[in-house]
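Quick note, the sequence shown lines up with residues 0 to 216 if you use numbering that gives the first Met the number 0. Backbone N, C-alpha and C fix where the C-beta goes; we use that ideal spot for every residue, glycine too.
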Amino acid sequence: MDTAVVRRSTAHESHRAPRREQIVVAAAAAIEEYGAGVGTAQIAERAGVARPHVYRHFDSKDDLEGEVLRFAATQLIEAVRPAMRRSGTAPVIIEGVIAAAVGWAEEHPNLYRFMAARQQTKATHRARLGRTRFLGEVVAAASAYLRTPDVEVDLPDGVMAGLMGMVDAGIIWWLDHHDESQPEVVTRVAHQVWLVLRDVAQNVGLAIDDESLLTVP
Numbered sequence: 000m001d002t003a004v005v006r007r008s009t010a011h012e013s014h015r016a017p018r019r020e021q022i023v024v025a026a027a028a029a030i031e032e033y034g035a036g037v038g039t040a041q042i043a044e045r046a047g048v049a050r051p052h053v054y055r056h057f058d059s060k061d062d063l064e065g066e067v068l069r070f071a072a073t074q075l076i077e078a079v080r081p082a083m084r085r086s087g088t089a090p091v092i093i094e095g096v097i098a099a100a101v102g103w104a105e106e107h108p109n110l111y112r113f114m115a116a117r118q119q120t121k122a123t124h125r126a127r128l129g130r131t132r133f134l135g136e137v138v139a140a141a142s143a144y145l146r147t148p149d150v151e152v153d154l155p156d157g158v159m160a161g162l163m164g165m166v167d168a169g170i171i172w173w174l175d176h177h178d179e180s181q182p183e184v185v186t187r188v189a190h191q192v193w194l195v196l197r198d199v200a201q202n203v204g205l206a207i208d209d210e211s212l213l214t215v216p
């Protein structure tokens, strides 16, 4: 390929990347304010670009939404990660993780709804199940906590995706209705998650109960 063409292409991409990030951040902020049905005009206004220029930096609307999803998932990871690095009993650790997730959702309700609404598509599953995404981190942390010298636990992505759906549903119901206090919804959802994870552990021969102490991997 002509080196001049390569240079132009590289320069174009280096210019495009910051603008893409700017639009992604603007789209996330617009979703926060207006909800998932936000229009291109509102995104463009926040990004400081002309409306027709928004999709010049993305292959499609799905491409933009996928980037917003990754951006939101990264924010959620940062909020939840400290709770996944603590020692304690399984119920206490799980409750800490759920409390952090609920707290983030309370601060960013429309972004959380946006993430949950898009978890059914294959592209979104790849984004959320990727090992650098939120669910991937939860899978890795849970597997590490449950690992012993004799047992290598590899929690199926399908099980964790089902758990994520349950957690999403519980949190979104609470965001919509607020029929429980925040501590109450955290305790309820955390207990449901613990029951599933305990069953998975027992199926691979790990006898973990409410009092079993799990250390930071």
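Cβ contact check for the region 80–98 and the region 106–115: 3 or more pairs under 8 Å: no
Is the region 44–62 in contact with the region 72–79, if contact means three or more CB pairs nearer than 8 Å? no
Three or more C-beta pairs below 8 Å linking the region 189–203 and the region 155–173: yes
CB-CB under 8 Å to Val101, same chain, minus the five flanking residues each way: which ones, in chain order? Ile170, Trp173, Gln181, Val184, Val185, Val188
Nearest to Tyr33 (by Cα), restricted to the options Trp103, Gly95, Arg112: Arg112
Ala26 to Ser211, Cα distance in whole Å? 44 Å
If you count every other CB in all the chains shown that lies within 10 Å of the CB of Asp167, and 16 or more means buried, which is it? buried
Burial state of Asp29, where buried means 16 or more other Cβ atoms lie within 10 Å: Correcting the residue identity first, residue 29 is Ala in this sequence and not Asp. By the 10 Å Cβ count, Ala29 comes out buried.
Is Glu32 a contact residue of the ligand GDP, with contact defined as CB to any heavy atom under 7 Å? With respect to the ligand GDP, the structure offers nothing, as it holds no ligand at all.
For Arg117, count neighbouring Cβ atoms within 10 angstroms of its own Cβ and tell me buried if that reaches 16, exposed if not. buried
Applying the 10 Å Cβ sphere with the 16-neighbour rule, what's the burial state of His176? exposed
Suppose the cutoff is 8 Å on Cβ atoms and the five residues either side in sequence are ignored; what does the same chain contact list for Glu179 look like? Trp173, Arg187
Run through DSSP, which three-state label would Leu196 get? helix
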